[in-house]
Each structure stands twice: as C-alpha cells, then as structure tokens.
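Trainee:
2 protein chains.
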Amino acid sequence: MTRQGQRIQKEVLVILRRHLIPRSAYDVLGELRQISPKIAPPTVYRALAALTQRGRVHRLESLNAFIACQCDQHQNASILSICDDCGTVEESVAPDLVEELSGIAGQSGFAPTRHVIEVHGLCASCGTGDIPA
Amino acid sequence: MTRQGQRIQKEVLVILRRHLIPRSAYDVLGELRQISPKIAPPTVYRALAALTQRGRVHRLESLNAFIACQCDQHQNASILSICDDCGTVEESVAPDLVEELSGIAGQSGFAPTRHVIEVHGLCASCGTGDIPA
DNA sequence: TTATGTTATGTTATAATATAACGCAAGCCA
DNA sequence: TGGCTTGCGTTATATTATAACATAACATAA
Numbered sequence: 586m587t588r589q590g591q592r593i594q595k596e597v598l599v600i601l602r603r604h605l606i607p608r609s610a611y612d613v614l615g616e617l618r619q620i621s622p623k624i625a626p627p628t629v630y631r632a633l634a635a636l637t638q639r640g641r642v643h644r645l646e647s648l649n650a651f652i653a654c655q656c657d658q659h660q661n662a663s664i665l666s667i668c669d670d671c672g673t674v675e676e677s678v679a680p681d682l683v684e685e686l687s688g689i690a691g692q693s694g695f696a697p698t699r700h701v702i703e704v705h706g707l708c709a710s711c712g713t714g715d716i717p718a
Numbered sequence: 586m587t588r589q590g591q592r593i594q595k596e597v598l599v600i601l602r603r604h605l606i607p608r609s610a611y612d613v614l615g616e617l618r619q620i621s622p623k624i625a626p627p628t629v630y631r632a633l634a635a636l637t638q639r640g641r642v643h644r645l646e647s648l649n650a651f652i653a654c655q656c657d658q659h660q661n662a663s664i665l666s667i668c669d670d671c672g673t674v675e676e677s678v679a680p681d682l683v684e685e686l687s688g689i690a691g692q693s694g695f696a697p698t699r700h701v702i703e704v705h706g707l708c709a710s711c712g713t714g715d716i717p718a
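The listed protein sequences derive, respectively, from chains A and B. Following the numbering used here, the numbering of the first sequence begins with 586 at its first residue and continues without gaps. Following the numbering used here, the numbering of the second sequence begins with 586 at its first residue and continues without gaps.
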C-alpha cells in the first residue's frame with residue numbers, strides 16, 4: 586500500500602466514524618470528493634475492501650453499506666443488529682455463537698471461512714412505542 | 586395476486602429449481618425471456634420478493650442472488666452455507682441458534698424481525714483437496 | 001351487468017452499486 | 001540506476017435495483 590492509499594483509507598475511516606448509521610460506498614465517495622474532487626469509485630471500493638479485510642470497517646451485506654467497527658478491533662465475526670426504522674447498527678461479539686454456527690455449517694464437511702450474521706428489527710428506542718410513527 | 590402474477594412466480598420458481606447454485610435476478614430474467622421475451626426487471630423483482638416472503642426462495646444477501654428453498658417450507662430462518670469455489674449452497678435449519686442470536690441482539694432491547702445468516706467457505710467436495718485448483 | 005374502488009401488473013426510464021481493463025507511478029531491492 | 005512488482009488513477013461499462021405512472025385484473029355491491 587502506498588502513502589496515497591493510506592491517506593485515502595484514513596479519510597474513509599474518518600468519514601465512516603462520523604456516522605452512527607451505515608453509509609453506502611457512494612455516500613462515502615460524495616464526502617471524499619468534498620476534499621478531493623477527482624476521486625473515482627474504484628478508489629473508494631479499494632479503500633473499503635482493505636479496511637473491511639483489516640476489520641476496521643464492516644460491510645452490511647443486506648444493505649450494501651458500510652460502517653466503522655465500533656469495537657476497535659476483534660478477530661471474531663460480528664453480529665450486526667440493524668434497526669429498520671432509524672438505521673442505527675449495533676455490533677455484538679459472540680464467539681460461542683460463531684463456533685456453533687461453524688459447527689452446523691460443518692456437519693456436511695463444509696469448511697467456513699467467513700460469517701455473515703445480520704439481524705434486522707427495531708432498536709430499543711424505536712421499538713418501545715416511545716416514538717410512535 | 587393475479588393469475589399472471591401466479592404464472593410468473595411459478596416460472597421463476599421452476600427456473601431457480603433447475604439450478605443448485607444461486608442465480609441473480611437478471612439471470613432469472615434472461616431465462617424468463619426465453620419464454621416471454623417482453624418481461625421487464627420489475628416483474629422479476631416482484632416475483633422474487635413474493636416468493637422470498639413466502640419462504641419458497643431465499644435471497645443470498647452477500648451474493649445479491651436467489652436460490653429455491655431446499656427444505657420445502659420451514660418457518661425459521663435458514664443458515665445458508667455458500668461454497669466460494671463451486672458456488673453451491675447448502676441450507677440448514679437451527680431454531681436454537683436463531684433463538685440464541687435473537688437473545689444476543691436483544692440484550693440491548695433490540696427486537697429482531699429477520700435474521701440473515703450466511704456462511705462462506707468451501708464445501709466438502711471443494712475443500713478436501715480432491716479437486717485441486 | 002355495470003359501476004366503482006382497490007390492488008396488481010406492464011412499461012419506461014433511470015438510479016444505485018460495483019468492477020474490468022489498462023497505463024502510469026510508487027516503492028523495493030539488487 | 002534499472003528492473004520488478006504492486007498499487008493507484010482513470011475511463012468506461014457492467015450489474016443490480018427501483019421510481020413512477022398508466023393500464024389491467026379482480027372484487028363487490030348497486
């Protein structure tokens with residue numbers, strides 16, 4: 586990775602950390618362009634891929650969007666709880682559950698390498714009726 | 586749903602059942618058009634949404650693709666194990682794990698409504714070294 | 001049966017997401 | 001420095017998905 590690559594990854598991470606709700610790659614691109622107007626989609630996707638691989642960012646597969654890791658580093662897969670009302674995402678870590686999941690998938694000889702665990706629903710604030718629609 | 590809607594849903598299901606590996610919406614559209622050339626994307630997406638809602642088809646969020654339900658009806662969320670080599674998908678049902686997952690997500694008051702559980706890796710055939718790349 | 005309201009469908013267009021391909025530059029090492 | 005490898009910028013385009021609105025199908029009751 587070059588210095589320029591590092592710079593962009595850092596900028597992307599800063600942008601994602603500004604938000605509690607997921608941003609699409611093009612949302613991030615839009616914000617990046619406020620600083621560096623010439624940036625093109627592949628640059629953003631590369632930065633997001635690198636950050637995701639290093640666990641600094643999580644990709645929400647069911648939203649096609651990204652969020653900064655809230656835990657500041659962990660090796661296990663995250664459980665991402667997505668509020669379908671306000672959009673906030675809560676991250677949980679549960680190594681036992683991931684183990685169990687690997688066990689179930691592995692019953693037929695399947696060898697897991699990556700787990701996608703996302704839960705949709707309503708967060709505590711949106712679900713209580715405190716804030717009726 | 587009208588008769589035409591039923592017809593298309595049935596055709597989509599037949600197409601998906603012809604394949605053991607997931608098909609994108611546009612793959613399905615392409616096959617549908619061999620029968621009914623004038624079909625447009627929204628028609629396919631509507632049929633897939635209806636079939637998914639009824640549990641006849643599963644959407645693979647991490648692939649943006651669809652596969653026919655292999656279990657022939659179940660109410661619980663599926664665990665979908667996706668072979669990154671040959672593309673086959675194996676479906677498992679594990680109500681206990683889904684319960685546990687709901688419990689973890691619910692610790693903060695989150696109320697789950699839908700679970701996305703996908704595991705990437707290598708299936709038994711691809712992982713054993715029997716068929717080296 | 002016809003009128004009427006409601007929901008589903010067809011159609012067009014376009015939005016949103018993602019990546020292929022390739023030339024140039026940066027970093028690395030002899 | 002020169003040659004090698006990898007990463008990056010750039011252009012173009014592929015892929016996935018939906019908005020919007022007109023029309024058609026169906027249900028119901030007068």
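For each residue, glycine too, the CB sits at the ideal point set by N, CA and C. No experiment lies behind these values; they were computed from the predicted model shown.
#1: In chain order, what residues of the stretch 634-661 of chain B put their CB closer than 7 Å to some CB of chain A?
#2: Consult DSSP for Thr698 of chain B and reduce its assignment to one of helix, strand or coil.
#3: Who are the near neighbours of Leu648 of chain B in its chain, counting only those whose CB is closer than 6 Å to its CB and skipping five residues on each side?
#4: Can you tell me which of the three DSSP states Met608 of chain A falls into?
#5: Using only alpha-carbon positions, find the residue among B:Tyr630, B:Arg603 and B:Cys708 that is nearest to Leu614 of chain B.
#6: Just to check my reading of the structure: Ile702 of chain A and Ser677 of chain B have Cβ atoms closer than 8 Å, yes? What is that Cβ distance to the nearest angstrom?
#7: Are three or more beta carbon pairs between the stretch 638-648 of chain B and the stretch 656-669 of chain B nearer than 8 Å?
#8: Using a Cβ-Cβ distance under 9 Å, would Gln619 of chain A count as near chain B?
#9: What in chain B is Cβ-close to Ala632 of chain A, meaning under 8 Å?
#10: Drop a sphere of 10 angstroms on the beta-carbon of Leu633 of chain B, count the other beta-carbons inside from all chains shown, and report buried for 16 or more, exposed for fewer.
#11: Out of A:Leu665, A:Glu596 and A:Arg602, which has the shortest C-alpha to C-alpha gap to Thr628 of chain A?
#12: Just how far apart, CA to CA, sit Asp715 of chain B and Leu598 of chain A?
#13: Straight-line CA distance for Arg592 of chain A to Leu617 of chain A?
#14: Which complete alpha helix (DSSP H) runs does the stretch 623-675 of chain B hold, if anything under 4 residues is left out?
#15: For chain B, find out if any of its Cβ atoms is closer than 9 Å to the Cβ of Ala610 of chain A; answer yes or no.
#16: Which residues mark the beginning and the end of the alpha helix (DSSP H) in which Ala709 of chain B is found?
#17: Within 10 angstroms of its Cβ, does Glu675 of chain B collect 16 or more other Cβ (buried), or is it exposed?
#18: By the 7 Å beta-carbon criterion, what residues does the stretch 586-615 of chain A contribute toward chain B?
#19: Tell me which residues of the stretch 698-709 of chain A have at least one Cβ-Cβ distance to chain B shorter than 7 Å, keeping chain order.
#20: My output table needs one value for Ser677 of chain B: the three-state DSSP class, helix, strand or coil.
#21: Nearest to Ser621 of chain B by alpha carbon, out of B:Ser609, B:Leu636, B:Phe651 and B:Gln589?
Mentor: This is what the structure gives:
#1: Glu646 and Ser647
#2: Position 113 of the second sequence holds residue 698 of chain B. DSSP places Thr698 of chain B in strand when its eight states are reduced to three.
#3: The count along the second sequence starts at 1 and reaches residue 648 of chain B at position 63. Hits under 6 Å: Pro607.
#4: As a position in the first sequence, residue 608 of chain A is number 23, starting the count at 1. Sequence inspection shows Arg at residue 608 of chain A; the Met mentioned does not correspond to that position. Note: Arg608 of chain A maps to strand in three-state DSSP.
#5: Translated into the one-based positions of the second sequence, residue 614 of chain B becomes position 29. Closest by alpha carbon: B:Tyr630.
#6: In the first sequence, counting from the first residue as 1, residue 702 of chain A sits at position 117. In the second sequence, counting from the first residue as 1, residue 677 of chain B sits at position 92. Between Ser677 of chain B and Ile702 of chain A the Cβ distance is about 14 Å, and since that is not below 8 Å, they are no contact.
#7: yes
#8: As a working note, residue 619 of chain A is residue 34 in the first sequence. No, no contact with chain B.
#9: Translated into positions along the first sequence, residue 632 of chain A becomes position 47. Ordered by position in chain B, no residue passes the 8 Å Cβ test against Ala632 of chain A, which lies about 20 Å from the chain.
#10: The residue you call residue 633 of chain B lines up with position 48 of the second sequence. Buried.
#11: Taking the first sequence and counting its residues from 1, the one referred to as residue 628 of chain A is at position 43. Closest by alpha carbon: A:Glu596.
#12: By one-based count along the second sequence, residue 715 of chain B stands at place 130. By one-based count along the first sequence, residue 598 of chain A stands at place 13. Residue confidence is low: Asp715 of chain B scores 47 on pLDDT, short of 50, so the model does not pin down where it sits. No coordinate-derived value is stated.
#13: Your numbering for residue 592 of chain A matches position 7 in the first sequence. Your numbering for residue 617 of chain A matches position 32 in the first sequence. If I take the Cα positions, the gap works out to 11 Å.
#14: 626-638
#15: Numbered from its first residue, the first sequence carries residue 610 of chain A at position 25. Not closer than 9 Å to any Cβ of chain B, the Cβ of Ala610 of chain A fails to qualify, so no.
#16: Locating residue 709 of chain B in the second sequence gives position 124, counting from the first residue. Ala709 of chain B -> alpha helix (DSSP H) spans Ala709 to Gly712.
#17: Numbered from 1 along the second sequence, position 90 holds the residue referred to as residue 675 of chain B. With 16 or more Cβ atoms within 10 Å of its Cβ, Glu675 of chain B is classed as buried.
#18: none
#19: Thr698, Arg699, His700, Val701, Ile702, Glu703, Val704, His705, Gly706, Leu707, Cys708 and Ala709
#20: Stepping through the second sequence from its first residue, residue 677 of chain B is reached at position 92. If DSSP states are grouped into helix, strand and coil, Ser677 of chain B belongs with the strands.
#21: Here residue 621 of chain B refers to the residue found at position 36 when the second sequence is read from its first residue. Ser621 of chain B has its Cα closest to that of B:Gln589, out of B:Ser609, B:Leu636, B:Phe651 and B:Gln589.
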